[in-house]
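Peer 1: For the sequence shown, the residue numbers in the numbering used here are 1 to 384.
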Amino acid sequence: MLGIGLGVMALITVLSVMNGFEKELKERILGMAAHATIIDYSGDLQDWRTLAQQIQRHPEIIAVAPYFRAEGMLVFDKRVQGSVIRGILPAEEARVSVIAGRMASGRFADLQAGGFGIILGAEAARTLGVLTGDKITLIVPEAGITPAGLLPRLKRFTVIGTFEVGMGEFDSGLALIHLADALTLFRRDAPAGLRLKTADMLRAPAVSRDIMQAIPGRYGVIDWTQRHRNFFKALKTEKTVMAFILALIVAVAAFNIISTLVMVVSDKQADIAVLRTLGVTPGRIMGIFMIQGMVIGVVGILLGNVAGIALASHVETIVPAIERWLNTDFLDASIYYISELPSDLRWRDVIIINSVAFIFSLTATLYPAFRASRINPAEALRYE
């Protein structure tokens, strides 16, 4: 019973923690990345305002924001950092991402057209050693013709703030400038696309298909499940493998049911023989030992459910308490971007775990019960 209970508890707890990490990563990634993105296959999005108004008529679209994306090199005091440069309109961007609420320094609203201000990820700012108010140089990988020949274009920007969202992809590799400044610097006259936020991120693929049917054919719509497919597929694969490995704990406990019932059958051969002589059929003898094995399995499953659900529901308070007691950090904030152990208990997983454990327990009773039903009363009572 304790073996099965331990296996069920481990499965419930570990899968809940992995669900928590998956949920946390989704929220952090999708807090910065758009639920869906619209691009124009023919080039820049010239009529983006009209298109944005058309898209916002969809009942599940919360906000639409234009953007421009390019790459560049940030230079400060002989330090160089490669970065993705995103041109945005601050008011619209605040509605499609969480970045306005994750400012580590400065104000998001200070990003004004013509001011050539820049907002850096906190990790990029630490790498460059810049503070709010410092001047940095943005080198654009597009050559300009000068009397000295072809030289890359560069522009001085003022750091007006830093943000920290807890994902290295953004904190170390993203810089934000005003859309008007981006178009001026990169010599474009329109944004590259539109970023969309849906009411339910899980409905983003369906909403994207609706929008595709409503807009002209030259536009493309890419939702977050396509852009980050490999990442979340890897998470799902890791979760599946972990569940399979932990299910072996339940399988080992179920094997203990086999050994326990085999010993019981050997010990009770005389009693089984007496019952057979009184008219009990082999099927009923088999049923007796199956019920005995199932009682062991069901009680173990119930114990595992109680312990697993309690642990998974309170892991976010239990782990910090253990860390304080041991005076250590299991997930050091200076190393890991997710420094707390999240948990997301899903009843669907609990039902699947219980079903698997029940099947293992039921299967484990078949051989001992069959062996008991095949005992010959005359052989068993010969020396009694």
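Backbone N, C-alpha and C define an ideal beta-carbon position, used for all residues, glycine too.
Predicted model only: the values in this text are computed from it and were never measured.
Look at residue 41 and residue 195 and say whether their C-beta atoms are less than 8 Å apart.
Peer 2: Here residue 41 refers to the residue found at position 41 when the sequence shown is read from its first residue. Here residue 195 refers to the residue found at position 195 when the sequence shown is read from its first residue. Cβ distance not < 8 Å, so residue 41 and residue 195 don't count as in contact.
Peer 1: Could you tell me whether the Cβ atoms of residue 165 and residue 69 are closer together than 8 Å?
Peer 2: In the sequence shown, residue 165 corresponds to position 165, counting from 1. In the sequence shown, residue 69 corresponds to position 69, counting from 1. No, these two residues do not count as a Cβ contact at 8 Å.
Peer 1: Taking 8 Å as the cut-off, decide whether the C-beta atoms of residue 173 and residue 84 are in contact.
Peer 2: The residue given as residue 173 occupies position 173 in the sequence shown. The residue given as residue 84 occupies position 84 in the sequence shown. Going by C-beta atoms, residue 173 is nearer than 8 Å to residue 84.
Peer 1: Which runs of the alpha helix (DSSP H) fall wholly inside the stretch 75 to 120 and span at least 4 residues, in chain order?
Peer 2: Runs of the alpha helix (DSSP H) inside the stretch 75 to 120: 90 to 96.
Peer 1: What would DSSP say about residue 61, mapped onto helix, strand or coil?
Peer 2: As a position in the sequence shown, residue 61 is number 61, starting the count at 1. Strand, per DSSP.
Peer 1: From what residue to what residue does the alpha helix (DSSP H) around residue 367 run?
Peer 2: The sequence position of residue 367 within the sequence shown is 367, counting from 1. Looking at the DSSP string, the run of the alpha helix (DSSP H) that includes residue 367 is 347 to 373.
Peer 1: How long is the line joining the alpha carbons of residue 108 and residue 101, rounded to whole angstroms?
Peer 2: Working through the sequence shown from its first residue, we reach residue 108 at position 108. Working through the sequence shown from its first residue, we reach residue 101 at position 101. Their backbone Cα atoms lie some 9 Å apart in a straight line.
Peer 1: Tell me the rounded alpha-carbon separation between residue 316 and residue 343.
Peer 2: Here residue 316 is taken as the residue at index 316 of the sequence shown, counted from 1. Here residue 343 is taken as the residue at index 343 of the sequence shown, counted from 1. Taking the straight line joining both Cα atoms gives about 7 Å.
Peer 1: Is residue 1 helix, strand or coil by DSSP?
Peer 2: On the sequence shown, residue 1 is found 1 positions in, with the first residue counted as 1. Looking at residue 1 - three-state DSSP - the assignment turns out to be coil, as it is neither helix nor strand.
Peer 1: Would you check if the distance between the CB atom of residue 163 and the CB atom of residue 122 is smaller than 8 Å?
Peer 2: Reading the sequence shown from its first residue, position 163 is the one you call residue 163. Reading the sequence shown from its first residue, position 122 is the one you call residue 122. Yes, the pair counts as a contact, with Cβ atoms nearer than the cut-off.
Peer 1: Mind reading off the beta-carbon distance from residue 261 to residue 365? Whole number of angstroms is fine, and I expect it under 8 Å.
Peer 2: Here residue 261 refers to the residue found at position 261 of the sequence shown. Here residue 365 refers to the residue found at position 365 of the sequence shown. Correct: roughly 6 Å between the Cβ atoms.
Peer 1: Counting only the same chain and skipping the five closest in sequence on each side, list residues whose C-beta sits under 7 Å from that of residue 14.
Peer 2: Position 14 of the sequence shown, counted from the first residue, corresponds to residue 14. Once the five neighbours on either side are set aside, the close Cβ partners of residue 14 are 242, 246.
Peer 1: Express the C-alpha separation of residue 11 and residue 46 in angstroms, rounding to a whole number.
Peer 2: Along the sequence shown, read from residue 1 onward, the residue named residue 46 stands at position 46. Along the sequence shown, read from residue 1 onward, the residue named residue 11 stands at position 11. Going from the Cα of residue 46 to the Cα of residue 11 covers about 53 Å.
Peer 1: Residue 183 to residue 314, Cα distance in whole Å?
Peer 2: Here residue 183 is taken as the residue at index 183 of the sequence shown, counted from 1. Here residue 314 is taken as the residue at index 314 of the sequence shown, counted from 1. If you take the alpha carbons of residue 183 and residue 314, they lie about 50 Å apart.
Peer 1: So which of 96, 275, 133, 142 has the shortest CA-CA distance to residue 56?
Peer 2: The sequence position of residue 56 within the sequence shown is 56, counting from 1. The option with the nearest alpha carbon to residue 56 is 96.
Peer 1: Closer than 8 Å by C-beta to residue 228: which residues in its own chain qualify, once you throw out the five before and the five after it? Chain order, please.
Peer 2: Here residue 228 refers to the residue found at position 228 of the sequence shown. Counting only Cβ-Cβ distances below 8 Å, and skipping sequence neighbours, we find 29, 33.
Peer 1: To the nearest angstrom, report how far apart residue 212 and residue 65 are at their CA atoms.
Peer 2: For this step, residue 212 is matched to residue 212 along the sequence shown. For this step, residue 65 is matched to residue 65 along the sequence shown. Near 17 Å, if we compare the C-alpha coordinates of residue 65 and residue 212.
Peer 1: Using the beta-carbon count (16 or more within 10 Å), is residue 233 buried or exposed?
Peer 2: Sequence index remark: in the sequence shown, residue 233 carries index 233 (1-based). The residue is exposed, with fewer than 16 neighbouring Cβ atoms inside 10 Å.
Peer 1: Helix or strand or just coil, what does DSSP make of residue 317?
Peer 2: In the sequence shown, counting from the first residue as 1, residue 317 sits at position 317. Note: residue 317 maps to helix in three-state DSSP.
Peer 1: Of the choices 112, 321, 198, whose alpha-carbon is the least far from that of residue 36?
Peer 2: Along the sequence shown, read from residue 1 onward, the residue named residue 36 stands at position 36. Comparing Cα positions, the closest option is 198.
Peer 1: Relative to the C-alpha of residue 142, which candidate in 170, 188, 130, 207 has its C-alpha closest?
Peer 2: Along the sequence shown, read from residue 1 onward, the residue named residue 142 stands at position 142. Checking every option, the nearest Cα to that of residue 142 belongs to 188.
Peer 1: In whole angstroms, give me the CA-to-CA distance for residue 112 and residue 118.
Peer 2: By one-based count along the sequence shown, residue 112 stands at place 112. By one-based count along the sequence shown, residue 118 stands at place 118. Rounded to the nearest angstrom, the two C-alpha atoms are 10 Å apart.
Peer 1: I believe residue 139 touches residue 154 by the beta-carbon criterion, under 8 Å. Please report the beta-carbon distance rounded to the nearest angstrom.
Peer 2: Position 139 of the sequence shown, counted from the start, is the residue given in the question as residue 139. Position 154 of the sequence shown, counted from the start, is the residue given in the question as residue 154. Contact flag correct, Cβ pair sits at about 5 Å.
Peer 1: Within this structure, are the beta carbons of residue 8 and residue 353 separated by less than 8 Å?
Peer 2: Here residue 8 refers to the residue found at position 8 when the sequence shown is read from its first residue. Here residue 353 refers to the residue found at position 353 when the sequence shown is read from its first residue. Contact flag set, yes.
Peer 1: Please name the residue or residues paired with residue 71 in a DSSP beta bridge.
Peer 2: Taking the sequence shown and counting its residues from 1, the one referred to as residue 71 is at position 71. Residue 71 pairs with 84.
Peer 1: Measuring only the C-alpha atoms, how far is residue 180 from residue 304?
Peer 2: As a working note, residue 180 is residue 180 in the sequence shown. As a working note, residue 304 is residue 304 in the sequence shown. Looking at the two C-alpha atoms, the distance is approximately 59 Å.
Peer 1: Could you check how far apart the C-beta atoms of residue 250 and residue 360 are, in whole angstroms? I think they sit under 8 Å.
Peer 2: Start at 1 with the first residue of the sequence shown, and residue 250 comes out as number 250. Start at 1 with the first residue of the sequence shown, and residue 360 comes out as number 360. Yes, they are in contact, since the Cβ atoms of residue 250 and residue 360 sit about 5 Å apart, within 8 Å.
Peer 1: Using DSSP bridges, identify the partner residues of residue 161.
Peer 2: Counting from 1 along the sequence shown, the entry for residue 161 is found at position 161. In DSSP, residue 161 forms a bridge with 106, 119.
Peer 1: Taking three-plus beta-carbon pairs below 8 Å as touching, is the stretch 252 to 272 in contact with the stretch 295 to 310?
Peer 2: Touching, yes.
Peer 1: Once you ignore the five residues that flank residue 3 on each side, which residues in its own chain have a CB closer than 6 Å to its CB?
Peer 2: On the sequence shown, position 3 is the one that residue 3 refers to. Here the set comprises 253, 256.
Peer 1: What's the C-alpha gap between residue 340 and residue 171?
Peer 2: Taking the sequence shown and counting its residues from 1, one reaches residue 340 at position 340. Taking the sequence shown and counting its residues from 1, one reaches residue 171 at position 171. Using only the alpha carbons, I get a separation of about 18 Å.
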